[in-house]
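Q:
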Amino acid sequence: MQKNSDNKVKINNFFIIHLDRATKRKKQVNFLKNIIPFKVSIISAVDGEKLSNKVISSHKLDVLLPRYPFNMRSAEIATFLSHRKCWQKIIDDKLEGAVIIEDDVEINSEFFDYNLDEALINIKQGDFIRFPISNREKPNLFFTSNKKATIFKPVIIGLGMQVQIVTKDAALSLLKDTKTFDRPVDTYLQLKWKHKLKIQTVIPSGISEISNNLGGSLIGDKKSLLGKFLKEIIRPAYRFKIYFLSMLYYKR
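Heads up: take any position in the sequence shown, counting from 1, add 13, and you land on the working numbering.
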């Protein structure tokens with residue numbers, strides 16, 4: 014993994030989002046710190062169990078279209094606030110950007126190091142570059158494509174917030190537009206007609222998610238069979254709206 018030396022946008026900082034009470038993940042955090050040859054900061058994640066009712070209620074507003082059909086869980090609100098905390102640190106520390114990584118990520122250096130370098134070569138202010146755990150996105154416009162890495166603008170932005178490069182201008186725009194929010198952070202990023210960020214995807218990302226080996230997900234919740242059934246009925250309709258609006262925005 015090489016530090017970006019020639020590019021106008023200098024990205025030399027990694028932020029690892031870590032929930033203080035998630036003690037089973039501490040070993041993985043330390044491992045990531047040791048293998049990342051950048052300046053690493055541990056960002057204490059916002060704890061969903063400690064959110065006040067006022068904070069929770071302020072982020073359950075129907076403020077964006079298409080309407081998000083589910084009630085946001087406190088853990089989802091806390092995750093969004095944790096990413097906002099990272100974006101704010103980019104601004105407060107006067108950084109040109111940072112790589113933000115969650116603490117349940119495992120890195121395959123053979124792919125990740127090379128693809129991170131590729132992403133940093135031509136990065137520009139305003140860019141937001143995703144490293145997803147799986148390739149489920151249809152390319153719209155290719156920026157880089159070779160035997161090891163493909164970087165492209167997706168037609169529909171995928172879900173997941175495991176690893177991203179966030180530039181200063183992207184962080185500033187996101188902070189301005191998400192003072193209130195009504196859906197999880199990755200679902201918000203799908204609304205490209207709203208935020209108008211230049212979001213790119215890197216595949217293969219060289220990362221995987223290992224939360225099951227670290228005590229399980231900190232966001233998941235338990236639902237009744239009826240609740241799960243209703244969610245499976247509602248979700249496809251919401252996804253269709255995202256698809257329709259993404260295609261409409263793409264054609265403009």
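By construction, the Cβ of each residue, glycine as well, lies at the ideal position given by its N, Cα and C atoms.
#1: In its own chain, which residues sit with a C-beta less than 8 Å from the C-beta of I146, not counting the 5 before and 5 after it?
#2: Are there 16 or more other CB atoms within 10 angstroms of the CB of R149, so buried, or fewer, so exposed?
#3: Does G173 come within less than 9 Å of chain D when only Cβ atoms are used?
#4: Apart from the five residues just before and just after N121, which ones in its own chain have a Cβ nearer than 6 Å to its Cβ?
#5: State buried or exposed for W206, treating a residue as buried only when at least 16 other CB atoms are found within 10 Å of its CB.
#6: Cα-Cα, which of L78, I136, E62, I29 is closest to Y251?
#7: Quick check: the region 108-128 against the region 30-46, are there 3 or more CB pairs under 8 Å?
#8: Counting only the same chain and skipping the five closest in sequence on each side, list residues whose C-beta sits under 8 Å from that of K52.
#9: Sort out for me which residues DSSP pairs K23 with in a bridge.
#10: What three-state label does DSSP hand G61 in the structure shown?
#11: Let me check understanding here. Comparing Cα to Cα, which of G61, N84, E89, L133 lies closest to Q177?
#12: Taking 8 Å as the limit between beta carbons, can you name the residues of its chain near H208, skipping five residues before and five after?
#13: Between L204, F194, E245, which lies nearest to L74 when the distance is taken from Cα to Cα?
A: So, to answer that:
#1: Setting aside the 5 residues that flank it on each side, I146 is surrounded in the same chain by G173, Q175, S218, I220, S221, E222, each with a C-beta closer than 8 Å to its C-beta; the list follows chain order.
#2: By the 10 Å Cβ count, R149 comes out exposed.
#3: Although the question refers to chain D, the structure presented lacks it and comprises just one protein chain.
#4: Excluding positions up to five away in sequence, the list reads G219.
#5: W206 should be labelled exposed.
#6: Nearest option by C-alpha distance: L78.
#7: Touching, per the Cβ criterion.
#8: Cβ neighbours of K52 beyond the five flanking positions: N25, N26, F27.
#9: Partner(s): none; K23 has no beta bridge.
#10: Helix at G61.
#11: Proximity to Q177 across G61, N84, E89, L133 peaks at L133, based on C-alpha coordinates.
#12: For H208, where only same-chain residues beyond five positions count, the Cβ hits under 8 Å are S186, L187, D190, Y201, L202.
#13: Here the closest residue by C-alpha is F194.
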